[in-house]
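Asks:
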Amino acid sequence: MTIKSIYGCPTQCGIYGHSLCGGNGLCSYDWQNTKAGCFCYWNRGGAACEEEVGTKAYKALTSNRIPDAYMHTFISNVTWNNLEGETQVTNVNVTYDLSPFHLTDTAYTVKGNDTVFSYVWNFLGNVPSDLSKDCGEALGPCTSNCDSSFSEKNGDTLGAAFQINSDNNNCNLLARGNSYKWALYDSQDPARGVSFTYLDGGYCASENTNREFTINFVCPSSAKKYPSPEKTLSLTSYVEESDAHLCHYSLTWETAAACPYQCVGDGSQYTVCNGRGICAADPIAGSVRCLCDANFEGDWCETSIQPSTTTTAAASHSDSHVGLQVAISIVTILVIVFIAVSLYLYIRNRSLEKFRGQLLDEDADDITSPPLHTEPKVPDDMSDSDSEADKEKAENDDEEEKKFKNKKSKKSSDATSAETAELVTIEPPKETADNKFDIKLEGPPTG
Numbered sequence: 001m002t003i004k005s006i007y008g009c010p011t012q013c014g015i016y017g018h019s020l021c022g023g024n025g026l027c028s029y030d031w032q033n034t035k036a037g038c039f040c041y042w043n044r045g046g047a048a049c050e051e052e053v054g055t056k057a058y059k060a061l062t063s064n065r066i067p068d069a070y071m072h073t074f075i076s077n078v079t080w081n082n083l084e085g086e087t088q089v090t091n092v093n094v095t096y097d098l099s100p101f102h103l104t105d106t107a108y109t110v111k112g113n114d115t116v117f118s119y120v121w122n123f124l125g126n127v128p129s130d131l132s133k134d135c136g137e138a139l140g141p142c143t144s145n146c147d148s149s150f151s152e153k154n155g156d157t158l159g160a161a162f163q164i165n166s167d168n169n170n171c172n173l174l175a176r177g178n179s180y181k182w183a184l185y186d187s188q189d190p191a192r193g194v195s196f197t198y199l200d201g202g203y204c205a206s207e208n209t210n211r212e213f214t215i216n217f218v219c220p221s222s223a224k225k226y227p228s229p230e231k232t233l234s235l236t237s238y239v240e241e242s243d244a245h246l247c248h249y250s251l252t253w254e255t256a257a258a259c260p261y262q263c264v265g266d267g268s269q270y271t272v273c274n275g276r277g278i279c280a281a282d283p284i285a286g287s288v289r290c291l292c293d294a295n296f297e298g299d300w301c302e303t304s305i306q307p308s309t310t311t312t313a314a315a316s317h318s319d320s321h322v323g324l325q326v327a328i329s330i331v332t333i334l335v336i337v338f339i340a341v342s343l344y345l346y347i348r349n350r351s352l353e354k355f356r357g358q359l360l361d362e363d364a365d366d367i368t369s370p371p372l373h374t375e376p377k378v379p380d381d382m383s384d385s386d387s388e389a390d391k392e393k394a395e396n397d398d399e400e401e402k403k404f405k406n407k408k409s410k411k412s413s414d415a416t417s418a419e420t421a422e423l424v425t426i427e428p429p430k431e432t433a434d435n436k437f438d439i440k441l442e443g444p445p446t447g
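The sequence shown: position 165 = 165 (UniProt numbering), numbered continuously.
#1: Considering only residues of the same chain and omitting the five flanking positions on each side of Gly202, which have a CB-CB separation below 8 angstroms?
#2: Does the pairing of the stretch 151-170 with the stretch 66-80 give three or more beta-carbon distances under 8 angstroms?
#3: Does DSSP put Asp282 in a helix, in a strand, or in coil?
#4: Taking the C-alpha atoms as reference points, what is the distance between Gly37 and His248?
#5: Taking the beta carbon of Tyr119 as the centre, do at least 16 other beta carbons fall within 10 Å, making it buried, or is it exposed?
#6: Let me check one thing: in DSSP terms, what residues is Trp253 bridge-paired to?
#7: For Val335, count neighbouring C-beta atoms within 10 Å of its own C-beta (all shown protein chains included) and say buried if the count is 16 or more, exposed if not.
#8: Within the stretch 112-178, note down every full beta strand (DSSP E) run reaching 3 residues or more, in order along the chain.
#9: Identify the residues that DSSP records as bridge partners of Met71: which are they?
#10: Considering only DSSP beta bridges, list what Asn77 is partnered with.
#11: For the beta strand (DSSP E) that contains Leu235, what are its first and last residues?
#12: With DSSP as the reference, label Gly8 as helix, strand or coil.
#13: How big is the Cα-Cα spacing for Ser132 and Thr197?
#14: Alpha carbon to alpha carbon, how far is Leu291 from Ile305? Give it in angstroms, no decimals.
#15: On the criterion of 16 or more Cβ atoms from any shown chain inside 10 Å, does Ser62 qualify as buried, or is it exposed?
#16: Using 10 angstroms around the beta-carbon of Ser19, count the other beta-carbons present and answer buried if the total reaches 16, otherwise exposed.
#17: With contact counted as at least three CB pairs below 8 angstroms, one residue from each stretch, are the stretch 33-47 and the stretch 227-238 in contact?
#18: Assuming Gly22 and Tyr16 make a contact with CB atoms under 8 angstroms, what is their CB distance in whole Å?
#19: Under 8 angstroms between the Cβ atoms of Ala285 and Tyr96?
#20: Is the CB-CB distance between Val127 and Gly159 below 8 angstroms?
#21: Buried or exposed: where does residue 451 fall if 16 or more other Cβ atoms within 10 Å of its Cβ makes it buried?
#22: Report all residues from its chain with a CB closer than 7 angstroms to the CB of Cys9; omit the five preceding and five following residues, and keep chain order.
#23: Quick check on the DSSP output: the beta strand (DSSP E) that includes Ala223 runs from which residue to which?
#24: With a CB to CB cut of under 6 angstroms and the five nearest residues on each side skipped, what residues in its chain are close to Ser287?
#25: Hey, does Tyr185 have any beta-carbon neighbour from chain C nearer than 8 angstroms?
#26: Is the beta carbon of Ala205 sitting closer than 8 angstroms to the one on Ser195?
#27: According to DSSP, is Gly275 part of a helix, a strand, or is it coil?
#28: I need the DSSP call for Arg289, collapsed to helix, strand or coil.
#29: Look at the alpha carbon of Cys98 and the alpha carbon of Ala257, and state the distance between them as a whole number of angstroms.
#30: Just how far apart, CA to CA, sit Asn24 and Thr90?
#31: Is Glu49 helix, strand or coil by DSSP?
#32: Along the chain, where does the beta strand (DSSP E) that runs through Asp30 open and close?
#33: Mapping the DSSP letters down to three states, classify Cys259 as helix, strand or coil.
#34: Gly37 lies in the beta strand (DSSP E); which residues open and close that run?
#35: Taking the alpha-carbon of Asn64 as reference, which of Asp293, Gly265 and Gly357 has the nearest alpha-carbon?
#36: Flag this pair as yes or no: are the beta carbons of Phe101 and Phe117 separated by less than 8 angstroms?
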């Protein structure tokens, strides 16, 4: 399953106005600076291509070649955002020149990785007879009354593509080469390449249709150098037969020669923008052009420049933006861990306090409760004589305790009597006839 989303792109490619690279550039890899980033359209800059860095009109490159069958121009609708964030649509002419893939006296051979089939083909040209000598018995294309009774052979007629079984040399005609169609490899990225399909292969009775053969010429995003097509006659690739449309075969060839002519220089060496940029349909420039790596410029990114203040600031802003995201993530994780640990300690302390309270309550009960009187337990194996002796001893102890208590009580009573004897009652004096006081002393009553 494939889900297209701006959030599936590298974080170094900024998002502005809910659009990747602000809708004014493409996210790709800067091979010279070894990091991903936004490649901005004409007169745009910044980490997310959100800034206007110029107003100069772009002068488009033109081809000196006269258009022919090997060239094809697509009028592609490309969307972008103006400085106010409004979506705009601009038509961009995207021209592919695939003439380097045409061979005059030979053909390409593709050997599948896991099948017995091999494929020989040419681009808008015939496969030489010595490479298709076993294909005379192959069915030709059907143009009318096409059913299981169709039996027209290809005969000596040459073709543009064949499938050959290496085990028995059986052959299928995949294309006569007279009927074909062009299409963009990726309609969302019109400079990514072109799909070229032959439509006039031999009749396929199981599907009641003629066989088809598609070559996907893909413009790469790498900085490597590619050999010229005529030096790549033998390819090891996977040729796929469509599950939805049997008898429809396709192969993919990624090479700089498959890019629009504006991105491959003079053709002396096959690299994309000299290995210092990407090829893109620029809607602001109104043309296909090279979007260069940082610190390079020119039609093919051939000129090195010193980093400008704007570029440095944009790079710094991009790095700080990434650093901020990382810092926020770390702080968030630490906060979550702190909350979890705090919650654990709180629950643990509450449990300990509850348990400690229960222990204190039990201790208080033990202190305030009177001890229970228990009779001493006599062992089962004690003899009767021992029991009688213990009983007699217990009675003697009780008698001694009673005597002690009586003696103590008597002493207490005597002490009380002595204290009472010492008390003196003093009554108020009584006046006599001769004004003398009569003092009467009384002791405690006796017996």
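Yeah, the Cβ is synthetic: ideal placement off N, Cα and C, and Gly gets one too. Since this is a predicted model, take the numbers as computed values, not measurements.
Replies: Short version:
#1: In the sequence shown, residue 202 corresponds to position 202, counting from 1. The residues are Ala138, Leu139, Gly140, Pro141, Asn154, Asn172, Leu173, Leu174, Asn210 and Arg211.
#2: With the cut-off at 8 angstroms, the stretch 151-170 and the stretch 66-80 do not touch.
#3: The sequence position of residue 282 within the sequence shown is 282, counting from 1. Asp282: strand per DSSP, three-state reduction.
#4: To locate residue 37, count along the sequence shown from 1; it is residue 37. To locate residue 248, count along the sequence shown from 1; it is residue 248. Between the alpha carbons of Gly37 and His248 lies a gap of roughly 38 angstroms.
#5: Taking the sequence shown and counting its residues from 1, one reaches residue 119 at position 119. Classification for Tyr119: buried.
#6: The residue you call residue 253 lines up with position 253 of the sequence shown. For Trp253, which the question treats as bridged, DSSP gives the partners Phe217.
#7: In the sequence shown, the residue the question calls residue 335 occupies position 335. Exposed: under 16 other Cβ atoms inside 10 Å.
#8: 117-121, 161-165 and 171-175
#9: Along the sequence shown, one-based indexing puts residue 71 at 71. According to DSSP, Met71 bridges with Asp97.
#10: Taking the first residue of the sequence shown as 1, we reach residue 77 at position 77. For Asn77, which the question treats as bridged, DSSP gives the partners Asn91.
#11: Numbered from its first residue, the sequence shown carries residue 235 at position 235. Taken as a continuous stretch (DSSP letters only), the beta strand (DSSP E) holding Leu235 covers Ser234 to Thr236.
#12: Counting from 1 along the sequence shown, the entry for residue 8 is found at position 8. DSSP places Gly8 in helix when its eight states are reduced to three.
#13: Taking the first residue of the sequence shown as position 1, residue 132 is located at position 132. Taking the first residue of the sequence shown as position 1, residue 197 is located at position 197. Approximately 20 angstroms, taken between the alpha carbons.
#14: On the sequence shown, residue 305 is found 305 positions in, with the first residue counted as 1. On the sequence shown, residue 291 is found 291 positions in, with the first residue counted as 1. Across the structure, Ile305 and Leu291 are spaced so that their CA atoms are roughly 14 angstroms apart.
#15: Looking up residue 62 in the sequence shown gives position 62. According to the sequence as given, residue 62 is Thr; it is not Ser. Under this definition Thr62 is an exposed residue.
#16: Residue 19 sits at position 19 when you count from the first residue of the sequence shown. With 16 or more other Cβ atoms within 10 Å, it is buried.
#17: no
#18: To locate residue 22, count along the sequence shown from 1; it is residue 22. To locate residue 16, count along the sequence shown from 1; it is residue 16. Their Cβ separation, rounded to whole angstroms, is 4 angstroms, which keeps Gly22 and Tyr16 in contact under 8 angstroms.
#19: In the sequence shown, the residue the question calls residue 285 occupies position 285. In the sequence shown, the residue the question calls residue 96 occupies position 96. No, these two residues do not count as a Cβ contact at 8 angstroms.
#20: As a first step, residue 127 is located in the sequence shown; it is residue number 127 there, counting from the start. As a first step, residue 159 is located in the sequence shown; it is residue number 159 there, counting from the start. Between Val127 and Gly159, the CB-CB gap stays under 8 angstroms.
#21: Because the chain here runs from 1 to 447, residue 451 falls outside it and cannot be looked at.
#22: Residue 9 sits at position 9 when you count from the first residue of the sequence shown. Leu20 and Cys27, listed in sequence order.
#23: Counting from one through the sequence shown, the residue named residue 223 turns up at place 223. Careful: Ala223 lies outside any beta strand (DSSP E) and carries neither H nor E.
#24: The count along the sequence shown starts at 1 and reaches residue 287 at position 287. Excluding sequence neighbours, Ser287 sits near Ala60.
#25: Any reference to chain C falls outside this structure, which holds one protein chain only.
#26: Taking the sequence shown and counting its residues from 1, one reaches residue 205 at position 205. Taking the sequence shown and counting its residues from 1, one reaches residue 195 at position 195. No.
#27: Residue 275 sits at position 275 when you count from the first residue of the sequence shown. Of the three classes helix, strand and coil, the one that applies to Gly275 here is helix, per DSSP.
#28: Taking the first residue of the sequence shown as 1, we reach residue 289 at position 289. If DSSP states are grouped into helix, strand and coil, Arg289 belongs with the strands.
#29: Numbered from 1 along the sequence shown, position 98 holds the residue referred to as residue 98. Numbered from 1 along the sequence shown, position 257 holds the residue referred to as residue 257. What sits at residue 98 in the sequence shown is Leu, not Cys. Our two residues, Leu98 and Ala257, have alpha carbons roughly 7 angstroms apart in a direct line.
#30: Taking the sequence shown and counting its residues from 1, one reaches residue 24 at position 24. Taking the sequence shown and counting its residues from 1, one reaches residue 90 at position 90. Approximately 12 angstroms between the Cα atoms of the pair.
#31: Walking along the sequence shown from the start, residue 49 turns up at place 49. The question names Glu, yet the displayed sequence has Cys at residue 49. Of the three classes helix, strand and coil, the one that applies to Cys49 here is coil, per DSSP.
#32: Within the sequence shown, residue 30 is the residue found at index 30, counting from 1. Run containing Asp30: Gly25 to Asp30, per the beta strand (DSSP E) assignment.
#33: Stepping through the sequence shown from its first residue, residue 259 is reached at position 259. Coil, per DSSP.
#34: Your numbering for residue 37 matches position 37 in the sequence shown. From DSSP, the beta strand (DSSP E) with Gly37 extends over Lys35 to Cys40.
#35: Translated into the one-based positions of the sequence shown, residue 64 becomes position 64. Closest by alpha carbon: Gly265.
#36: In the sequence shown, counting from the first residue as 1, residue 101 sits at position 101. In the sequence shown, counting from the first residue as 1, residue 117 sits at position 117. No. Outside cutoff.
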